[in-house]
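Residue numbers for the sequence shown follow the working numbering, so the first one is 26 and each next one is one higher.
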Amino acid sequence: MPATATDTEMPVNITKAEFYSSQADERLLAGFVYAFITVFMFIPYCISLHIIKESKSIYDPAFRLFALNMGLADLELMTLVGIFPAVTYFLPFPVSFSVYRVLGAFSADAWFTYAMLAQMMSLNRFIGVFCPVKAKAIYTRRNTLIILVFCWIQGLIWAAFYLKPNVALYFDSKQNGVMYDFRFNGTEKVFLANTMFNYAHAASLCLIYGLIYLKVRHDRKQILDPTLANNRKKENKVLIQACVICSMDIAVVATWAVFQKFATAKYALFIATIVALFSSGSTGYLYILMNSAVRQKFASIVSRCWCRNIGQTPNHKVRKDEYGIQSIPTMNDSEYLQFMDTDVML
26 MPATATDTEM
36 PVNITKAEFY
46 SSQADERLLA
56 GFVYAFITVF
66 MFIPYCISLH
76 IIKESKSIYD
86 PAFRLFALNM
96 GLADLELMTL
106 VGIFPAVTYF
116 LPFPVSFSVY
126 RVLGAFSADA
136 WFTYAMLAQM
146 MSLNRFIGVF
156 CPVKAKAIYT
166 RRNTLIILVF
176 CWIQGLIWAA
186 FYLKPNVALY
196 FDSKQNGVMY
206 DFRFNGTEKV
216 FLANTMFNYA
226 HAASLCLIYG
236 LIYLKVRHDR
246 KQILDPTLAN
256 NRKKENKVLI
266 QACVICSMDI
276 AVVATWAVFQ
286 KFATAKYALF
296 IATIVALFSS
306 GSTGYLYILM
316 NSAVRQKFAS
326 IVSRCWCRNI
336 GQTPNHKVRK
346 DEYGIQSIPT
356 MNDSEYLQFM
366 DTDVML
């Protein structure tokens, strides 16, 4: 049965002091885990999104807009499901239940927005593979922005249902995870609607990317021109990244489907929530690891920040000042893409 709000029972073989001490230690440990994971994921994600925003030539325009908006939804989810719980564990006073419910509703907004954006990204890749000529005509900036607005609005509509007084989704510090409270008579209907949405979403992603895989495999056997093969290789790398990003959605859906069956078990919801955080935050690392342009600029930003914090001069300036060695001139995005022709695109 799905999770319900229950009071923590004290084992009969320990004293009250020992019990409450162990509870306090467990809360602090959970707080540290949430804080560490969120910070570890949040900061690199912000940097990678900044790079993608500033470097307009790294991805095609439609994919870039989808990636940026999915990143915003991810950051919203990590803030509400990672940063907020971590802070509440260390507060000397209890947080109002109403605050938990409101933030839980907007965490649902983040999830449904991200899921719909992932759905639209899969359709973008599908059309790009099956109808490459029509893809640019379909995914103009105007049409793409309309799709993005639709994704955010439907997320807010879902949040409105979660904000109803007879529905409750919130982070429970006793269960150390996000849970549905079925003591509210409207929660079960929303939970079932969410479950149906998740299953349909996961199934459609599997179907779309399965068809894309078959198409790409068929086309690869037909291409003999080396130039066309190289261009197709770059497109396939972008497709792989989109597929990995969307597969994280499937991982979250599968995890919640399994752990909701054991939601009353200790750490069940904690594990499910941590998986959701990893799924959201790992996308930033994916951009860095799988795209050489993002990786190079990320390393440059981190290097500059590190040298500034410890009061050192970056290596290329030291070489220039002390030995008269000139650093390699900075390339703009188009020059860098040509230079890294075999590895810059995914």
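Every residue gets a Cβ at the ideal spot worked out from N, C-alpha and C, and that includes glycine. All of these numbers come straight from a predicted model, not from anything done at the bench.
Which same chain residues end up closer than 8 Å to ASN191 when comparing Cβ atoms and leaving out the 5 residues on each side of it in sequence?
PHE209, ASN210, GLY211 and THR212
Alpha-carbon spacing of ILE270 relative to THR308, whole angstroms:
6 Å
Kindly indicate which residue of PHE303, LEU314 and MET273 has the alpha-carbon position closest to the one of THR63.
PHE303
What does the Cβ neighbour count give for ALA162, buried or exposed, with the cut at 16 atoms within 10 Å?
exposed
Between which two residues does the beta strand (DSSP E) harbouring PHE287 extend?
Taken as a continuous stretch (DSSP letters only), PHE287 belongs to no beta strand (DSSP E), as it is neither H nor E.
For ALA193 versus ARG126, is the C-beta spacing smaller than 8 Å?
yes
Buried or exposed: which applies to PRO157, given that a residue is buried once 16 or more other Cβ atoms fall within 10 Å of its Cβ?
exposed
Beta strand (DSSP E) segment containing VAL174, residue limits:
Counting along the chain, VAL174 falls outside any beta strand (DSSP E), though it belongs to the alpha helix (DSSP H) covering 166–187.
Residue closest to VAL58, alpha-carbon to alpha-carbon, out of TYR114, ASP206, LYS81 and LEU105:
TYR114
Return helix, strand or coil for GLY211, following the three-state DSSP convention.
coil
GLU79: buried (16+ other C-beta within 10 angstroms of its C-beta) or exposed?
exposed
Same chain only: Cβ atoms within 8 Å of ILE392, ignoring 5 sequence neighbours per side:
With the chain covering 26 to 371 only, the question about residue 392 has no answer from this structure.
Quick check: what's the CA-CA separation for LEU128 versus CYS71?
21 Å
With distance defined between alpha-carbon atoms, name the residue in ASN94, ALA133 and LYS240 nearest to PHE186.
ALA133
Please state whether DSSP places PHE196 in a helix, a strand or coil.
strand
Given this structure, state the Cα-to-Cα distance separating ILE152 from ILE237, to the nearest angstrom.
9 Å
Assuming LEU100 and PHE67 make a contact with CB atoms under 8 Å, what is their CB distance in whole Å?
7 Å
Quick test of the definition: if touching needs 3 or more C-beta pairs under 8 Å, does the stretch 173–184 touch the stretch 140–150?
yes
Beta strand (DSSP E) segment containing GLY107, residue limits
Segment: none, GLY107 is in no beta strand (DSSP E) and carries neither H nor E.
Could you say which of ALA135, MET221, ALA267 and ALA225 lies nearest to TYR234 if we only look at CA atoms?
ALA267
Quick one: residues in its chain with C-beta nearer than 7 Å to the C-beta of ASP50, no 5 flanking neighbours on either side, listed in chain order?
none
Give the straight-line distance between the Cα atoms of HIS75 and ASN316, rounded to the nearest whole angstrom.
14 Å
Rounded separation between ALA279 and ARG333 - CA only:
44 Å
DSSP three-state label for TYR205, please.
strand
Using C-beta distances below 8 Å, list every residue in its chain close to LEU294, excluding the 5 sequence neighbours before and after it, in chain order.
ALA28, ASP197, GLN200, ASN201, GLY202, VAL203, MET204, PHE284 and ALA288
Let me know the alpha helix (DSSP H) ranges lying completely inside the stretch 75–158, each 4 residues or longer, listed in chain order.
86–103, 109–115 and 122–155
Kindly indicate which residue of ASN223, ILE313, ALA290 and VAL112 has the alpha-carbon position closest to the one of ILE83.
ILE313
Return the residue from the list ILE326, SER305 and LYS189 that minimises the CA-CA distance to PHE65.
SER305
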